[in-house]
Amino acid sequence: MPLILHGIGTAVPTRRLSQTDAVQVAHRINAETPEQTRLLSRIYQKTKVLSRGSVLLEKDADDATIQERLSFYGAESPSTAERMQAFDDYAGGLALEAAEKALSDGDISSATITHLVTVSCTGFQSPGVDLFLMDQLQLSPSVQRTHVGFMGCHGAMNGLRVAHAFAEMDPKAVVLLCAVELCSLHMAYGWHPEKVVANALFADGAAAVVATANPSPVHQSLALRRSGSMVIPNSADLMHWEIGDHGFAMGLSPLVPETVGAALLPWLRDWLNDVDIELEAVTTWAVHPGGPRILSTCSEVLSLEPNRLLDSRAVLQDHGNMSSATILFILERLRRRSTAGPCLALAFGPGLTAEVALFDRQM
């Protein structure tokens, strides 16, 4: 039984940070030598990110200096408690915007929601975003809540798997899934090459999906047919996401793209073989843009034509890496196209773990 994605909604902060301004922030909090200052400009340029949203921006670009706009990052690195207070202040509003758009897009009343799945790896509190959404959307007090936490960039894929299981268990289930990530709360201070790269890539965003097991009589929808997972052996030290005294700390080895590339093709062929689909039959791809090298590696290993990953590259360019919410931004773009045939979504995270989901179009 497929999971039908009736509505998808996305939201980003109103104020945006250009990559030029982001470099200026990095000069202040990361560079310790003139050489590091020069290197930062090259690192930020290589990300292919042009701008991204941050809930921490206090003023518009025309009204203040970047230091005045982003005063949260002053002379001293904010504590984890201060960063989590900011998550509490801002995550609910961004999640609500995405959820309202998803419900409107799917023409589904919030009163019909039976299950709520929330996803985040950038902040936690209890009562949390889930109860905030229940209150603001006036969901039934009997709505069943599940949180998918700290799973990294593929978290929304895990959330979709949970939603799919609910719909298979109860054909009357109406599931609202919402992923909200405030990555800009976790900018690292000092010169740590892996953390500097993370500072250059990550951004804030939220995305939501409303889904059931029942086809829509009106909308063209994506249908989730099957999902899968693989942990790449001997790769646990290549990516990590840990709670520290000054925010959550990212470890991101430059070996990640080649390690993913070496394992990806044989696994995907075997996985698709189980559902009687040839890799070459996949017409649409939604690959999480962890960074430009991951996209290039996937394109090369899977022998994809350059235009197959245009939407992944566009989301990275326009919004940065919004962790778990990003894959839903890509699916929202792909859904607008009339391309027939299977759609394959891929995302990667600590483990190293690869997650895959197979979609088709439901008319």
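Going by the working numbering, the first residue of the sequence shown is number 37, and it counts up by one from there.
Note that beta-carbon positions come from the ideal geometry of N, C-alpha and C, so glycine has one too.
Within its own chain, the residues whose Cβ lies closer than 7 Å to the Cβ of G287, once the five positions on either side in sequence are excluded, are E230, M275, H276, listed in chain order.
Counting only residues of its own chain and dropping the five nearest sequence neighbours on each side, S252 has a CB closer than 6 Å to the CB of H42. Beyond the five residues adjoining it in sequence on each side, R181 comes within less than 6 Å, by CB distance, of L152, D166 in the same chain, given in chain order. Going by DSSP, E71 is part of the alpha helix (DSSP H) stretching over 70-82. Secondary structure note for F284: its beta strand (DSSP E) is the uninterrupted segment 283-288. Looking at R369, P302, G326, the one whose alpha-carbon comes closest to that of L338 is P302. Annotated as distal: V61 and L130, with beta-carbon spacing of 9 Å or more. Sequence-distant partners of K137 (beyond 5 residues in either direction) whose C-beta falls short of 6 Å from its own C-beta, in its chain, are G45. Note on the segment 311-371: whole alpha helix (DSSP H) runs with a minimum of 4 residues are 328-337, 346-355, 362-371, in chain order. L388 and V292 do touch by the CB rule: their CB atoms are close to 7 Å apart, below 8 Å. Excluding the 5 residues flanking it on each side, Q72 has same chain C-beta neighbours closer than 6 Å at W227, in chain order.
A buried status is given to P38, since no fewer than 16 other beta-carbon atoms sit within 10 Å of its beta-carbon. DSSP lists no bridge partner for I144. Inclusion of V91 and D240 in the CB contact set at 9 Å is warranted, their separation being smaller than that value. Counting along the chain, the unbroken beta strand (DSSP E) around E217 starts and ends at 211-218.
For F160, the three-state secondary structure derived from DSSP is coil.
A Cβ-Cβ separation of about 19 Å leaves L93 out of contact with L132 under the 8 Å criterion.
Per DSSP, I149 lies in no beta strand (DSSP E) segment and is marked neither H nor E.
A distance below 9 Å separates the beta carbons of V211 and V246.
The C-alpha of S257 lies about 46 Å from the C-alpha of G110. Collapsing the DSSP output to three states places L53 in a strand. Look at H183 here: in three-state DSSP terms it is strand.
Nearest to P290 by C-alpha distance, out of T320, G327, R262, is G327. Boundaries of the beta strand (DSSP E) around V267: 257-267. Contact check for I330 against V351 fails: the beta carbons are separated by 9 Å or more.
Burial check for G377: the Cβ neighbour count within 10 Å stays below 16, so the residue is exposed. In the DSSP annotation of this structure, the continuous segment of the beta strand (DSSP E) that includes M275 starts and ends at 275-280.
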